[in-house]
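J.: Right, I'll just put the structure down here and ask away after.
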Amino acid sequence: MRVGIVGVGWFGFQPEVVDYSFREMMFKAAQRAYEDAGGLDPRSEVDAFVSCQEDFWEGISIADEFAPDPVGGAMKSVYTVTGDGLQCVGQAYMMIRSGLFDVVVVESHGKPSDVETLNEVIFTATDPISLRPLGLENVHALAALEARAYMSKFGVAEDHLEAVVEKAHKAGVKNQRAVYASPGKSRSATPVVAEPLREADVAKFVDAAVVVVLASERVAKRYNDTPVWVDGVWWSTEFSSLEFHDWAFPLHAREAADGAYTQAKIADPYKEVDFAEVDNRYSFKELQHIEALRLAPRGTAKDLLADGAFCPGGRLPVNLSGGALAEGVPFEVHGLARLSYAVGVMRGEVKAEVDKAETAVVHSWRGIPTTTSVAAVLRI
Amino acid sequence: MRRIKHFPEVMEIEAYIYTAGPVGTKWLEALRAGRLTAARCPKCGRLFMPPKMFCPYDFEEVKELREVEPVGVVETYTVVERDFYGEPLRERKVLAFIKFPGVEGGLIHYVKTDNPQMGMRVRPRWRAERRGLVTDIEYFEEV
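Chains as they are written, first to last, in this note's numbering: chain A, 5 to 384; chain B, 429 to 571.
Here you go:
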C-alpha cells in the first residue's frame, strides 16, 4: 500500500506574522491544504491528525492540547510529536501503511518572532549538568564547533561556504516565499559571528505553518489526480549529550537517509535521485547533508558544488528553493517546508531549473543542539 | 493609539532543579574536589564523560567513576565574537570541545588563549571556591 501526498498548504514565511496567532496560522495553512486536496472536509473525511511542535517554542506547557481544533481535528484522533514536521510524515506513513487509516493530516507551525529570548530557549535544550552552567551567549557557537571539525577534516575552505551562500540566495530569489533571499549577497562582507561562521552562514528565523494531507493509495485519487508518493521516510537521533556525537559528520542524517533509501529501494542515490531539498540552516550543513544523503562521497560536496552539479539546472540540483538560508528556519516546520517545495516542483507548479523531477529526497535536521535528522523519498 | 495585538508573558522557567543522578552526583562531587572523572562501563570497559548511570553504547548499568588525567586535547574550537542577537561581545571567547585520551565524549568548555589551535593540549583552571558544577573549572588553559 503506497502513501500519497494529496494536499499541501502553507501560510506565513514572513519574519514576523503580526496579525495572526500560531493557531490562526495553522487554520490558514489547513484551509489551503484541504482546498488543494479537492475541497476535503476535515470533519468527516480525515481519520487522524498528527501535529509536530515543541512546548518551549510555544511558551505553553502541554501545547499538545492546542493542536486539534485549528486544523479541524477536535474530538477526533489527534497525535502530537515533539519533533520536526517530517517526523509527522513518518507517523502518517506508518498509520496509513498499517491499514487502519486512509487519510491522515500532518501539521507543523512555528512562530519564532513570539520568542523574545530565543538564544536562552534554544540553550535550554542542552545538557543541564554538563553544558548549561556555561551560559553560552550565542548557541550558534555549537554549530561553529561542528563547522570547524568538518572543514578541517575534509579540507573545506571559507570560499566553499561562500559558494553555498551565493547559490542559496540566487536560487531563493525565484522562490516566492524565500523572504531572506538576497542575490548578490557577499558572505565575506558580513561579520564573523563565531569562527568560522559569519552572519551570512547562519539562517535567520521565520514564522510559518505547513499542513500536508496524506492518503492511502486506495483513496488518494479521490482527492488529487497526481499524488506525490512517499516511498520512504526514516529518522535517527545520536546521543542525548552532544559530547558523544560525531562533530565532523552528521551520522544522524546518514542513518535517516539510508533507512529511507532502503524502504524506497534506492541503491545509488546519486544516480536515482533527480533533486534534493536538504537542511542548510548553516551553510556548511548543506555540504555535510549532501554527503550524508550519499549524493556525493564524503568530503567531495564542495568540489561537485564548484562544478555546478548541485546548482539549479545542474546534474542533481540541491535546494532549488534556496533552503533555510533563503526561506528562514520556522522551527519544526522546516522539514515540511522542504517537502512542500519539493511537491510543488514535482507537480510542475513551481517552475524550477531541473531536468527531471520524478524522484526527490527531502531532509531536515532539527538544528543545534540536536542530533536528529529525518529523510523522505518522494516519487511522482 | 496602539492596537492590542498580543499578551506579553514571562515563562516561569527561571527556577528549576535538575537532578544529576547517582553517577552524575559523584562526578560533580569530584569536580568540587578538583578532580576530573569519567564513568567506566563494566561491560565494554569504555570510560566516558559526561557520565550517566548507563553506558550510551551498550545500555549497561554503570556504578564506577575513575579519575582521569586532567590534560585534554582541543578537538575543535570556535572564537565567539557576537552574541545570538548580533551584538559584539565585550570580550571574544574561545569555546572548545576537549577530549581526554582514552575517554569517550569529553567536555565543551571555554579555553583561555589568544592562539587557539586544534590538537592543543589544555588543562583545567580550577576555581578556588567550588560548588559541584562544571563551572568549577573556570576555563581550560594551554599546558
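For each residue, glycine too, the CB sits at the ideal point set by N, CA and C. All figures in this text were calculated on a predicted structure; none of them were measured in a lab.
What is the DSSP secondary structure of Ala296/A, counted as helix, strand or coil?
T.: helix
J.: Let's test the definition: count the other Cβ atoms within 10 Å of the Cβ of Ala204/A and tell me whether it reaches 16, buried, or not, exposed.
T.: buried
J.: For Leu138/A, which of helix, strand or coil comes out of DSSP?
T.: helix
J.: If Glu58/A and Thr86/A are in contact, beta carbons under 8 Å, what's the gap, nearest whole angstrom?
T.: 5 Å
J.: Tell me which residues share the same chain as Glu166/A and place their Cβ nearer than 7 Å to its Cβ, disregarding the 5 neighbours each side in the sequence.
T.: Arg191, Ser192
J.: Along chain A, in chain order, which residues have C-beta atoms closer than 8 Å to that of Gly452/B?
T.: Ile133
J.: Rounding to the nearest angstrom, what Cα-Cα distance links Phe482/B and Ala260/A in this structure?
T.: 25 Å
J.: How is the alpha helix (DSSP H) around Arg460/B delimited, first residue to last?
T.: 449-460
J.: Touch check for the region 198-212 of chain A and the region 330-348 of chain A: three-plus C-beta pairs under 8 Å?
T.: yes
J.: Over what stretch of residues does the alpha helix (DSSP H) that includes Phe525/B continue unbroken?
T.: Not the alpha helix (DSSP H): Phe525/B falls in the beta strand (DSSP E), residues 516-527.
J.: Does the region 504-518 of chain B come close enough to the region 140-148 of chain A to have 3 or more Cβ pairs within less than 8 Å?
T.: yes
J.: Are Val381/A and Gly236/A closer than 8 Å when you measure CB to CB?
T.: yes
J.: Counting only Cβ pairs nearer than 8 Å, list the residues of chain A close to Ile432/B.
T.: The premise fails here: Ile432/B is roughly 12 Å from chain A at the closest Cβ pair, so nothing lies under 8 Å.
J.: Can you list the residues of chain A that Met546/B reaches, using a CB-CB cut of under 7 Å?
T.: For Met546/B, the chain A residues whose C-beta falls within less than 7 Å of its own C-beta are Ser156, listed in chain order.
J.: Identify the contact partners of Leu122/A in chain B, using a Cβ-Cβ distance below 9 Å as the criterion.
T.: Phe512, Tyr513
J.: Run through DSSP, which three-state label would Pro74/A get?
T.: helix
J.: Looking at chain A, is there any beta carbon in it that lies within less than 8 Å of the beta carbon of Ala448/B?
T.: By this cut-off, Ala448/B is an interface position.
J.: Comparing alpha-carbon positions, which option in Met155/A, Gly89/A, Glu362/A, His173/A lies nearest Val215/A?
T.: Of the listed residues, the one whose Cα sits closest to Val215/A is Gly89/A.
J.: Output the distance between the C-alpha atoms of Val507/B and Glu336/A, rounded to the nearest integer angstrom.
T.: If you take the alpha carbons of Val507/B and Glu336/A, they lie about 29 Å apart.
J.: Looking at the structure shown, is Thr375/A part of a helix, part of a strand, or coil, going by DSSP?
T.: coil
J.: Within the 8 Å Cβ cut-off, does Glu199/A reach chain B?
T.: Yes, contact with chain B.
J.: Considering only residues of the same chain and omitting the five flanking positions on each side of Lys189/A, which have a CB-CB separation below 7 Å?
T.: Val169, His173, Ala204
J.: Pick out whichever of Glu111/A, Val107/A, Cys315/A, Arg6/A has its Cα sitting closest to the Cα of Gln35/A.
T.: Glu111/A
J.: Closer than 7 Å, Cβ to Cβ, to anything on chain A: give me those residues from the region 453-473 of chain B, in chain order.
T.: none
J.: Counting contacts by CB-CB distance shorter than 8 Å, is Ala129/A in contact with chain B?
T.: no
J.: Based on the DSSP secondary-structure assignment, which residues constitute the bridge partners of Leu382/A?
T.: Val234/A, Ala364/A
J.: Given Val366/A, which residues of its chain have a CB within under 6 Å of its CB, disregarding the five upstream and five downstream residues?
T.: Glu281, Arg342, Leu343, Ala346, Ala380
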